[in-house]
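Participant:
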Amino acid sequence: MKGSLRKGRAKMAPVAELFPSQGEWGEEDYFSLPDTHRYVELSEGRLIVPPHPTYSHQNALKRLFVRLNAFVEEHQLGVVQLAPLPVRLWPGKIREPDIFFIAKEHVDRIGEQVCGVPDLVVEVTSPSTLKADRMEKFHEYARAGVREYWLVDPQAHTIEVYTLQQGAYLLRGKWGAGERASSELLSGFTVRVDEIVGG
Numbered sequence: 005m006k007g008s009l010r011k012g013r014a015k016m017a018p019v020a021e022l023f024p025s026q027g028e029w030g031e032e033d034y035f036s037l038p039d040t041h042r043y044v045e046l047s048e049g050r051l052i053v054p055p056h057p058t059y060s061h062q063n064a065l066k067r068l069f070v071r072l073n074a075f076v077e078e079h080q081l082g083v084v085q086l087a088p089l090p091v092r093l094w095p096g097k098i099r100e101p102d103i104f105f106i107a108k109e110h111v112d113r114i115g116e117q118v119c120g121v122p123d124l125v126v127e128v129t130s131p132s133t134l135k136a137d138r139m140e141k142f143h144e145y146a147r148a149g150v151r152e153y154w155l156v157d158p159q160a161h162t163i164e165v166y167t168l169q170q171g172a173y174l175l176r177g178k179w180g181a182g183e184r185a186s187s188e189l190l191s192g193f194t195v196r197v198d199e200i201v202g203g
């Protein structure tokens, strides 16, 4: 129940009462949150606040974003963005992918406050997010129609790329040290794994 001011003697409600209970959050509540500069996601009426990212997570994210963004801009393929920026997979399901790409033919999906379903999503895993990235988000992105899903694992020093085939993800490839990961969606885009998840 949300807090209110009573007539007569003004009484401030506790902060906790100003927001819905877990399981009762809607998109209107979600978008009324103050800016925290943290990843905050909405799933089945619940707010999800992932742990703070690690150095290796941010390092891999930065390196891959720079390369992917340069490739997309050079070839004028669309737009690349990175978290925190909400993405609506379907009503009531809002995620904040580490990196996402929206093709130029889908620029109508780009909004000031929230974007629609991306064409490509990258999640950089960490021990605390590995389950969500490999299971929950894996199935959600496929259901939403994200055409390509990259899983970057700084701990294992690997990059996996999945492509959407008939509503499910198939592994395009898994690459490790000394190898190059490549995109099927973005023909010609490759990265050396060592340059993304190296020390």
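5 is the number of the first residue of the sequence shown in the working numbering; add one for each residue after it. For glycine and all other residues, C-beta sits at the position ideal for the given N, C-alpha and C.
Can you say whether S191 is buried or exposed, counting buried as having 16 or more other CB atoms within 10 angstroms of its CB?
Facilitator: exposed
Participant: Output the distance between the C-alpha atoms of S8 and P101, rounded to the nearest integer angstrom.
Facilitator: Residue confidence for S8 is low, a pLDDT of 32 falling below 50, so the modelled location carries little weight and cannot support an answer.
Participant: Could you say which of T162, V195, A148 lies nearest to Y173 if we only look at CA atoms?
Facilitator: A148
Participant: Where do the N-terminal and C-terminal ends of the alpha helix (DSSP H) with Q62 fall, by residue?
Facilitator: It spans 59-79 - the alpha helix (DSSP H) in which Q62 sits, taken as one unbroken run.
Participant: Report the three-state DSSP secondary structure of D102 (helix, strand or coil).
Facilitator: coil
Participant: So what's R151 in DSSP terms, helix, strand or just coil?
Facilitator: Residue state, collapsed to three classes: coil.
Participant: Report, in whole angstroms, the separation of the C-beta atoms of V111 and R99, which I expect to be a contact under 8 Å.
Facilitator: About 20 Å; that fails the 8 Å criterion.
Participant: Our contact map puts V126 next to I103 with C-beta atoms below 8 Å; I'd like the distance itself, whole angstroms only.
Facilitator: 4 Å
Participant: Tell me the residue span of the beta strand (DSSP E) that contains V121.
Facilitator: No beta strand (DSSP E) holds V121; DSSP gives it neither H nor E.
Participant: Rounded to a whole number of angstroms, what is the C-alpha to C-alpha distance between M189 and E152?
Facilitator: Note on residue identity: the sequence assigns Leu, not Met, to residue 189. Their backbone Cα atoms lie some 7 Å apart in a straight line.
Participant: Within its chain, find whatever has a CB closer than 6 Å to the CB of S186; leave out the 5 residues flanking it on each side and keep chain order.
Facilitator: T194.
Participant: Between which two residues does the beta strand (DSSP E) holding E45 run?
Facilitator: 45-47
Participant: If you drop the 5 nearest sequence neighbours on each side, which residues of the same chain put their C-beta closer than 8 Å to that of R184?
Facilitator: T194, V195, R196, V197
Participant: Could you give the residue range of the beta strand (DSSP E) that holds I163?
Facilitator: 162-169
Participant: Rounded to a whole number of angstroms, what is the C-alpha to C-alpha distance between S130 and E164?
Facilitator: Approximately 14 Å between the Cα atoms of the pair.
Participant: Going by Cα to Cα distance, which pick from V83, S132, T133, E144 is closest to C119?
Facilitator: V83
Participant: Where DSSP assigns a beta bridge to R113, which residues make up the other side?
Facilitator: For R113, DSSP assigns no beta-bridge partner whatsoever.
Participant: Just to confirm the assignment, what range does the beta strand (DSSP E) spanning V84 have?
Facilitator: 82-86
Participant: Spell out the partners DSSP gives E127 in its beta bridges.
Facilitator: Within the DSSP secondary-structure output, E127 pairs in a beta bridge with L155.
Participant: Does the Cβ of K141 have 16 or more other Cβ atoms within 10 Å, making it buried, or fewer, making it exposed?
Facilitator: Counting Cβ neighbours within 10 Å, K141 comes out buried, since at least 16 surround it.
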